[in-house]
Structures are given as C-alpha cells and as structure tokens.
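Structure first, commentary second.
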Amino acid sequence: MHLNIEAKLNPTKPQLTAPPELFADLLVEVLAANDMTARAAVSSFDWRVLAAVQARTTQIPIGYLSDQRKGQNTVAAHDDKPSPWTNDMHPRDYQDSVPRMRRAAGGTVWSPDFHSLEQGALHEAHALGLRVIVWTANSPADIEQMIGMGVDGVISDYPERVREAASRLGLQVAAATSTVP
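Under the working numbering, residues 104 to 284 are what the sequence shown spells out, in order.
The structure is reproduced here in structure tokens:
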C-alpha cells in the first residue's frame, strides 16, 4: 500500500492547524514509526510545509500542488508580494514560470489543477525533470485529454475511470488489486 497524504494547511488561516515545522515534525515521526516513510508521498498547496518535510527527510516524495484558476490562484503575486502559499517564492524570480518555481523549491512532482495546465508548461516541467500529476480530472473526456497531453499521473475521485481511459488509449494498466462494494 502507498499513501498520498495531502497536508491541508492554509497560510491565510494559521490558527486552524499546527505551524508548518511542527506539522512536518509530527508527520515524519508518524510515518517513520509506522514504517511508511518509503511508501508515502506528501503533497500540499502550502509550500511551507513541503519545504519543512524536505528539510527533515529526503525519503518522502513531495508533490507541490498549485491552482491557477481565476479567483483561486495559489501562485500569483499580489501587490508585488509573493503568494502566501509559495513559501515566499515570487513568480518574477523564475521568469513567471510555475514549473521553474516548482523546480527551485525541490522535490520531483508538480501537481497543477488540470483545468489550468497548458502544454507549454507541461513540456517545460518535463524538461526540468519534474513529473506532472494533475488533479482532479473526473470525466472520461478530461482524463483522456490529460493522458493525451502526456501527464505522468491523474488524481481523480474515480480511479476506475482513469484505469479505463488509460486502457482505451493503449497504456499498460496494472491488474486491480481490490474492489470496494
């Protein structure tokens, strides 16, 4: 079993959770105590907690989430200040490129919202050595579009749809290991 843990911190509402450093300490401690470090990945929109996890261990893959939809942009600067979500990284320092920001932050996975992923950004991310795993593509058409673009993975509320789309597109799909009634 592998876990993909999304750390749900919100830098605009720090009173709702532990500070990023404490959260990272506890998360890494729990994963190590349960022998899950090698079988877990951690992702978050709050890049501060991801930096804190990376500072504590290199054994856990890190996925930097981003949302660039209008009104929900987690990477855009506001009033020339970096987004509170990007751990003080400013897009202008990376040629206004989210893949470059992502690469500079460390880790190997960028997880953008599938609605805002453009082919150029996908190619740039791959050229920088990043895996691109989009979220949350749910319709068969959206899933097929993302696979057709060449993403490395699709997060979906309907994993069976991802398996079916991948199979239709001729990709090798591992056998299902269990079903939920």
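Virtual Cβ for every residue (Gly too), placed ideally from N, Cα, C.
Here the structure is a predicted model, which means the values were calculated and not measured.
#1: Rounding to the nearest angstrom, what Cα-Cα distance links serine 214 and valine 237 in this structure?
#2: For glycine 210 versus isoleucine 258, is the C-beta distance shorter than 8 Å?
#3: So what does DSSP say about tryptophan 213, is it helix, strand or coil?
#4: Per DSSP, tyrosine 167 forms a beta bridge with which residues?
#5: Can you tell me which residues form a DSSP beta bridge with glutamate 247?
#6: What is the residue span of the alpha helix (DSSP H) that leucine 106 lies within?
#7: In or out: threonine 177 buried (at least 16 other Cβ within 10 Å) or exposed?
#8: Three-state secondary structure (DSSP) at histidine 181?
#9: Quick check on the DSSP output: what are the complete beta strand (DSSP E) runs of length 3 or more inside the region 227-279, in order along the chain?
#10: Tell me, to the nearest whole angstrom, how far the beta carbon of histidine 218 is from that of arginine 264; I am working on the premise that it is less than 8 Å.
#11: Is glycine 223 helix, strand or coil when you go by DSSP?
#12: Can you tell me where the alpha helix (DSSP H) holding methionine 204 begins and where it ends?
#13: Would you please state the rounded distance, in angstroms, between the beta carbons of tyrosine 167 and alanine 208? I believe it to be under 8 Å.
#14: Give me, in chain order, the residues of the same chain whose beta-carbon lies closer than 8 Å to that of tryptophan 150; leave out the 5 immediate sequence neighbours on both sides.
#15: Report back the beta-carbon spacing between valine 201 and alanine 230 to the nearest angstrom; my notes put them in contact at under 8 Å.
Short version:
#1: As a position in the sequence shown, residue 214 is number 111, starting the count at 1. As a position in the sequence shown, residue 237 is number 134, starting the count at 1. So the alpha carbons of these two residues sit roughly 5 Å apart.
#2: Sequence index remark: in the sequence shown, residue 210 carries index 107 (1-based). Sequence index remark: in the sequence shown, residue 258 carries index 155 (1-based). Not closer than 8 Å, so no.
#3: On the sequence shown, position 110 is the one that residue 213 refers to. Strand, per DSSP.
#4: The residue labelled residue 167 in the question sits at position 64 within the sequence shown. Ser147 and Trp213.
#5: Here residue 247 refers to the residue found at position 144 of the sequence shown. Answer by DSSP bridge pairing: none, since glutamate 247 is not bridged.
#6: Position 3 of the sequence shown, counted from the start, is the residue given in the question as residue 106. Run containing leucine 106: none in the alpha helix (DSSP H); it sits in the beta strand (DSSP E), 106-109.
#7: One-based indexing of the sequence shown puts residue 177 at position 74. Flag for threonine 177 reads buried.
#8: Your numbering for residue 181 matches position 78 in the sequence shown. Note: histidine 181 maps to strand in three-state DSSP.
#9: 234-237
#10: On the sequence shown, position 115 is the one that residue 218 refers to. On the sequence shown, position 161 is the one that residue 264 refers to. Rounded, the Cβ-Cβ distance is 17 Å, inconsistent with contact.
#11: Position 120 of the sequence shown, counted from the start, is the residue given in the question as residue 223. Helix at glycine 223.
#12: Here residue 204 is taken as the residue at index 101 of the sequence shown, counted from 1. 201-208 is the extent of the alpha helix (DSSP H) around methionine 204.
#13: The residue labelled residue 167 in the question sits at position 64 within the sequence shown. The residue labelled residue 208 in the question sits at position 105 within the sequence shown. Sure, about 6 Å apart at Cβ, within 8 Å.
#14: The count along the sequence shown starts at 1 and reaches residue 150 at position 47. If we look at tryptophan 150 and ignore the five residues flanking it on each side, its Cβ neighbours are Tyr167, Trp188, Thr189, Asn190, Met192 and Ala208.
#15: Stepping through the sequence shown from its first residue, residue 201 is reached at position 98. Stepping through the sequence shown from its first residue, residue 230 is reached at position 127. Not confirmed; about 14 Å, so no contact.
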